[in-house]
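**Student:**
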Amino acid sequence: MSEETYKIRIKYVKSGVLKYIGHLDLMRFFQKAFKRAGVDVAYSQGFSPHQLMSFAAPLALGVTSEGEYFDAQMNSLVSSEEYVRILNEQMVDGVYVKNVILLPEKAKKAMSIVAASDYIVSFKDDDDLNYQFVRDLNDIDNKESQKKSDYNKIIAVVPQLLKKDAIEVFRKTKKNEKVEDIKKGIYKLELREDKIYMFLATGSEYNLKPESVIEALCNEAGVPYNKFDYQIHRIETYYKNEKGQLASLLETGTKITDPMHN
Amino acid sequence: MSRLALSDEILMGIEKPARYIGNEFNMVRKNPDEVDIRFCMCFPDVYEIGMSHLGIQILYDTFNRREDVYCERVYSPWPDLDKVMRVKDIPLFSLETQSPVKDFDFLGITLQYEMCYTNILQVLELSQIPIYANERDMDAPIVIGGGPCSYNPEPIADFFDAFYIGEGETRYDEVFECYKRMKTSGCSREELLHELSKIPGIYVPSMYKCTYNDDGTLALFEPIHDDVPKTVTKEVVMDFNDVHYPEKPLVPFIQVTQDRVTLEIMRGCIRGCRFCQAGMIYRPTRQKDVKLIEDYALKMISSTGHEEISLSSLSSSDYGCLKEFTYFLIEEMGNQHVNISLPSLRIDAFSLDVMKKVQDIKKSSLTFAPEAGTQRLRDVINKGLTEEVILNGAMQAFYGGWNKVKFYFMLGLPTETMEDAEGIPALCERVAKAYYDIPKDQRNGKISITASSSFFVPKPFTPFQWAAMLDPETYIERAHHVKDTFRQQLNARSLRYTYHESYVSVLEGVFARGDRRLSKVIYDAYKSGCIFDAWTDFFDNDKWMEAFEKNGIVKEFYTTRERSEDELFPWDFIDIGVTKNFLLSEWKKAKQEIVTPNCREKCSGCGAAKFGGGVCFERQKKD
């Protein structure tokens, strides 16, 4: 490794079929994309050197996002626009790079500063069910209408949930399952047209998954919780800035306009 | 979002949905409506195995260079999805366009090992294509097989419309042109297959009939039409430097078995080990120009972003410019943080120097494949490796810091005695002793030697195609004895020995030298639930045994029976260049413990020179 490296933060979108690609596989995808793009990423030492790269807040399989981040250490830099251009030449359908910023020298890893994320949760409608070959359409129709009416019940309880003193759900920890009050992790919960918007604590201090909130809503509405019925989409990932406000991770650095090294 | 064949609910409910969505980097996209021929290429095993296969990457690239062909891929759905597809009646689909395999013009299936045979039936059935070729009509794709097992395609002949015998790069253009011509002519399926059977390298099983003698051996094997060739000569790429090679191979999302750039440097082998089928069927030896592979290495790393490159050949040490190429790789790949993996290298000063540069000595081990425990038996199998060479190589390595050794052996080789079997622990013990003879301050702690034995399976087109396979009981007994003998060695605590189970090898033995009568067994085993037989977790020997019994087929006829010199074999209609006479003389020499020099030392007149290449041919040209 050269003495001096630069830390950059990459914001990307994960959508479409890419939601079936797990977090570790996506990381490998980016490592290969970096190599194809020929960007000057720094490597660790040893017999199997790896790129110095770390992801902000892993996304569960099946979840899409337009506000994903990872950090990388670079030996030399090109401009933000150039990074976006050359990296996007190496992407596939469903993933693309939105922004690249330069972090201050002493910036902490994204993973350690993530404090919140917001999500849009929608009911998976017919368009999302990409069946090409379903034979028994009646069966599907019946199931769909049942699901739709359940969803309407859930929507109805959205405005009330935060008014409760405690919102209790079962949460699995590494060792066991326990009932937990998740209210402190919900910063915002509201309807946006027929979709549910939620702003939740994320990260090492307190981590609340959107699935837990949907489960709480199902409990409240008295309908069974089936995790495959809802499409979760992350909008943005946030950190707590100097003023103690939640701000987009994009604000942790600056646009690279005049790369010092090429 | 592109349309997927499977619903979100299904994909989220199964293991590794990434196996079924395609969309990998370097995937070829075409509009299927704008091509004349849709070809679906299948590796009948799970995605991670199939995606690691070089042959498919080569053909995928070659076919897709044609504007009128769109080649897509399909792999065996894992049992979790298999179940869902059957319940929901979802036809098997290609990865690229996610469209039903049954709508394609061709379904090409690569045959890499015998234990994938039931998976072929799974692919056909899930695709909703009739399993037996004679039940297919014009709407069904032409099901064509290729790869090593097509050198004896008879056990699965009833499931295939055609087989491509030999290297795929050469004749597919003719196959495609013939198909296009016939399709527009409105011919019947039989007429189309008849035409295909006239193309060199193409074997259409339905154009041949066979009869059997009372003792069960083959009596007659001949074409049913006068214009169908009696023998099918394997296809060989003779201009090995001027043949398509995938410069932009597919880059899977999920970790596959071979997650790296694979660079083929050589095809064929000069060694002539008598048990090795690849060593015979890929003759003559051909190698790629070093400048060409250097260029490929750079291009493929930059087109894939892989962090490892591996060489593919049967014996890399025999590649003419190995030193030049290896040092080029170390230099270039080191700069790009790409690891180099060098399989099948002989242990000598050069390879140790290279290994030191590309591997962590603490983690890596030396690998030897003596295959047999005594020099006598190594002479029988024509394995040139001597104990002296092993000890010399090992000692150099020990002084260089290595302390882990792996040995590969086979048990059940022709003429093998108890003494030969005991030679396995004896050889390992001598290596351990040699290690401990090194002064303590010059060696690196304890030595660890791991030896493993597989159960030898005689293969077609080898000198051992006449040989009897050992019966499984004796094999297991012998393996136990070897294990016991290991325990009695002075350095037993540094030695570890494992051996393969016998069941799977017995089945491989049946199918390797099997005939058309076995298709019913495969069908019944599949119907009773056999699938993914190459996977220990799924293999169910009892079901297989029931299938044999049900069809009145005695597996010992195929395995433990030594063939007479004049027996007509089910695979004799294939001409691999190497003649049956040569193989027979090798079989006789084996029994007399006479070694045959390798092709570089001396030409033994195997017959492969008729293709106009190989080291012997080149030398004769020079003289």
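Those sequence lines, one after another, are chains A and B.
The number in the numbering used here is simply the position in the first sequence, starting from 1, with 2 added.
The number in the numbering used here is simply the position in the second sequence, starting from 1, with 128 added.
Virtual Cβ for every residue (Gly too), placed ideally from N, Cα, C.
Remember, predicted model here, so these are calculated numbers, not experimental data.
Which residues share a DSSP beta bridge with Val197 of chain B?
**Tutor:** B:Ile165
**Student:** Can you tell me whether Asp196 of chain B is buried or exposed, with buried defined as 16 or more other CB within 10 angstroms of its CB?
**Tutor:** Burial call: exposed.
**Student:** Is the beta carbon of Ser78 of chain A within less than 6 Å of some heavy atom of the ligand ZN?
**Tutor:** This structure lacks the ligand ZN, and indeed carries no ligand of any kind.
**Student:** By the criterion of Cβ-Cβ separation under 7 Å, what are the contact partners of Ser50 of chain A in chain B?
**Tutor:** Listed along chain B, the residues sitting closer than 7 Å to Ser50 of chain A by beta-carbon distance are Asn467.
**Student:** Cβ of Arg236 of chain A within 7 Å of Cβ of Tyr121 of chain A?
**Tutor:** Yes.
**Student:** Under 9 Å between beta-carbons, which chain A residues line up against Phe153 of chain B? List them in chain order, please.
**Tutor:** Phe31, Lys34, Ala35, Arg38, Gln92, Met93 and Val94
**Student:** Return the chain-ordered list of same chain residues with a C-beta closer than 7 Å to the C-beta of Cys731 of chain B, the five sequence neighbours on each side being excluded.
**Tutor:** Around Cys731 of chain B: Cys744.
**Student:** Count the other C-beta atoms from every protein chain shown that fall within 10 angstroms of the C-beta of Lys229 of chain A, then say buried if there are 16 or more, exposed otherwise.
**Tutor:** exposed
**Student:** What does Ala640 of chain B pair with, by DSSP beta-bridge criteria?
**Tutor:** None, per the DSSP bridge assignment.
**Student:** If you follow the beta strand (DSSP E) that Leu202 of chain A is in, where does it begin and where does it stop?
**Tutor:** Lys197 to Ala203
**Student:** Answer with buried or exposed for Phe592 of chain B, where buried requires no fewer than 16 other C-beta atoms within 10 angstroms of its C-beta.
**Tutor:** buried
**Student:** Can you check whether the C-beta of Leu139 of chain B is within less than 7 Å of a C-beta belonging to chain A?
**Tutor:** yes
**Student:** Decide if the segment 342-361 of chain B is in contact with the segment 688-703 of chain B; the criterion is three or more beta carbon pairs, one per stretch, under 8 Å apart.
**Tutor:** yes
**Student:** If contact means a Cβ-Cβ distance below 8 Å, which residues of the segment 60-92 of chain A contact chain B?
**Tutor:** Leu63, Gly64 and Gln92
**Student:** If you count every other CB in all the chains shown that lies within 10 Å of the CB of Ala736 of chain B, and 16 or more means buried, which is it?
**Tutor:** Burial call: buried.
**Student:** Kindly indicate if chain B contains any beta-carbon less than 7 Å away from that of Asp183 of chain A.
**Tutor:** no
**Student:** Exposed or buried, what is Arg621 of chain B when buried is set at 16 or more other beta-carbons lying within 10 Å of its beta-carbon?
**Tutor:** By the 10 Å Cβ count, Arg621 of chain B comes out exposed.
**Student:** Tell me where the alpha helix (DSSP H) around Gly178 of chain B begins and ends.
**Tutor:** Tyr175 to Gly178
**Student:** Can you tell me which of B:Gly178, B:Lys376, B:Ala268 and B:Leu439 puts its alpha carbon nearest to the alpha carbon of Val418 of chain B?
**Tutor:** B:Leu439
**Student:** When we look at the beta-carbon of Glu107 of chain A and count the other beta-carbons within 10 Å, is it buried (16 or more) or exposed?
**Tutor:** That one is exposed.
**Student:** Does chain A have any CB closer than 7 Å to the CB of Gly462 of chain B?
**Tutor:** no
**Student:** Shorter than 7 Å from the beta carbon of Ala406 of chain B to some beta carbon of chain A?
**Tutor:** So no, Ala406 of chain B is outside the interface.
**Student:** Rounded to whole angstroms, how far is the Cβ of Leu70 of chain B from the Cβ of Ser313 of chain B, which I believe are closer than 8 Å?
**Tutor:** The question about residue 70 of chain B has no answer here: the residues shown for chain B are numbered 129 through 751.
**Student:** State yes or no: is the beta carbon of Tyr8 of chain A nearer than 7 Å to at least one beta carbon in chain B?
**Tutor:** For Tyr8 of chain A, the answer is no, since every Cβ of chain B falls outside 7 Å of its Cβ.
**Student:** Residues of chain A with CB under 9 Å from Asp488 of chain B, in chain order?
**Tutor:** Gly48, Phe49 and Ser50
**Student:** Let me check one thing: in DSSP terms, what residues is Asp120 of chain A bridge-paired to?
**Tutor:** DSSP output for Asp120 of chain A lists A:Phe201 and A:Glu238 as bridge partner(s).
**Student:** Distance, Cα to Cα, Arg399 of chain B vs Ile429 of chain B?
**Tutor:** 31 Å
**Student:** How many Å lie between Tyr80 of chain B and Pro172 of chain B at the Cα?
**Tutor:** There is no way to answer for residue 80 of chain B, as the model of chain B reaches only from 129 to 751.
**Student:** Between the Cα of Ser119 of chain A and those of A:Gln92, A:Tyr189 and A:Leu202, spot the shortest distance and give me the residue it belongs to.
**Tutor:** A:Leu202
**Student:** Give, in chain order, every unbroken run of the alpha helix (DSSP H) that is at least 4 residues long and sits entirely within the segment 543-592 of chain B.
**Tutor:** Within the segment 543-592 of chain B, the complete alpha helix (DSSP H) runs of at least 4 residues are 546-564.
**Student:** Among residues of its own chain, excluding the 5 on either side of Thr454 of chain B, which ones have a beta-carbon nearer than 6 Å to its beta-carbon?
**Tutor:** Val482, listed in sequence order.
**Student:** Can you check DSSP and say which residues form a bridge with Asp210 of chain B?
**Tutor:** In the DSSP assignment, Asp210 of chain B is bridged to no other residue.
**Student:** Is the CB of Ile23 of chain A under 7 Å away from at least one CB in chain B?
**Tutor:** yes
**Student:** Within 10 Å of its beta-carbon, does Val229 of chain B have 16 or more other beta-carbons around it, so buried, or fewer, so exposed?
**Tutor:** Counting other Cβ atoms within 10 Å of its Cβ, Val229 of chain B reaches 16 or more and is therefore classed as buried.
**Student:** Counting beta carbon pairs with one atom in the segment 238-255 of chain B and one in the segment 140-155 of chain B, are three or more of them shorter than 8 Å?
**Tutor:** no
**Student:** Which first and last residues belong to the alpha helix (DSSP H) in which Asn90 of chain A is found?
**Tutor:** Ser82 to Asn90
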